Amino acid sequence: MVPGKPSLLSTLEKALGTTPWSTIDLSLEQRRKLILLIDELIRWNKTFSFTSLTQPRDLVEVFILDSLTTLALGIPLASPLLDAGCGPGFPSLPLKIAYPNLKVVAVDSSRKKINFARHIVRLLKLKDYKPLQERLEDVAAKKETFSTVTARALTGGRDALELVASLVSSEGQALLYVGREWSPSLLPPSITLEEHHRYTLPFSGKVRGLVTAIRVV
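Our numbering numbers the first residue of the sequence shown as -6 and each following residue consecutively.
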């Protein structure tokens, strides 16, 4: 059994038993870290209001399960990975826990959210995970590119996606976590659609999407 708070433990185990997430193979230590991550999110959320969600099953579904959909669908991740507009570290913190060798740069303009990510890095002793308090525009201005760019909570429409595209290396991919109403027409000309995976979150029944796209060079 994974040590941790009973409600979080049972919720995580139930969530990971649903399709397609039942294909994910996580060690006891990785599950323990995911429980600690959510436990800390609950604690910090009382002060900093990262999310309106408060129930363990909602937090596990939205922040852990949704983040790990790439793993459930067998989508490969290459380093370095940029988490664009990471908020308090999602999807990159769960992905880092699942892929310990992944090298991650997580960027958000919010100090309190980046401070949370830094706290988790220290608490879980995560290596090669670098939280940065920066605007995405400033990161793009450095002309650095990444093999994988994730965007889960990005706002700004097509302009924001143009920034994401500029940060993807020529051999890399963008992974976009999107809602039910998302359409390929929203993609800017600089990136092209590979696949649009649709899935249903098990507790809320919400339909979500994971888009894989490559940069047009």
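Glycine included, every Cβ here is placed at the ideal spot set by N, Cα and C. These figures come from a predicted structure and were not determined experimentally.
Residue(s) in a DSSP beta bridge with residue i
i	result
Q126	D101
E188	T205
Q166	T141 and I207
V200	T193
V171	G202
Distance between residue j and residue i (C-alpha atoms, nearest Å)
i	j	result
M(-6)	V210	The predicted position of M(-6) is uncertain, since its pLDDT is 41 and thus under 50; a value taken from the coordinates is nonetheless stated next. Cα-Cα distance, rounded: 49 Å.
W37	V114	15 Å
K136	K96	18 Å
L70	Q48	30 Å
I35	F43	9 Å
A110	L9	23 Å
V157	E164	14 Å
F41	P181	34 Å
D121	V142	16 Å
E155	Q166	13 Å
L30	G67	23 Å
A153	R104	20 Å
T62	L203	8 Å
S211	A65	There is no way to answer for residue 211, as the model of the chain reaches only from -6 to 210.
L129	L2	35 Å
V161	G80	20 Å
T148	L21	35 Å
R24	V132	32 Å
L74	R145	13 Å
P87	D59	10 Å
T11	P195	7 Å
S197	P93	29 Å
Unbroken alpha helix (DSSP H) run spanning residue i, endpoints
i	result
T63	T62 to A65
W37	L21 to F41
S85	S85 to A91
D51	P49 to L52
Local Cβ density within 10 Å of residue i, reported as buried at 16 or more and exposed below that
i	result
V200	exposed
E54	buried
D76	buried
A134	exposed
P124	buried
R173	exposed
P84	buried
T4	buried
S159	buried
Span of the beta strand (DSSP E), counted from its first residue to its last, around residue i
i	result
A158	Unbroken run through A158 is the alpha helix (DSSP H), G150 to S159; no beta strand (DSSP E).
L75	L74 to A77
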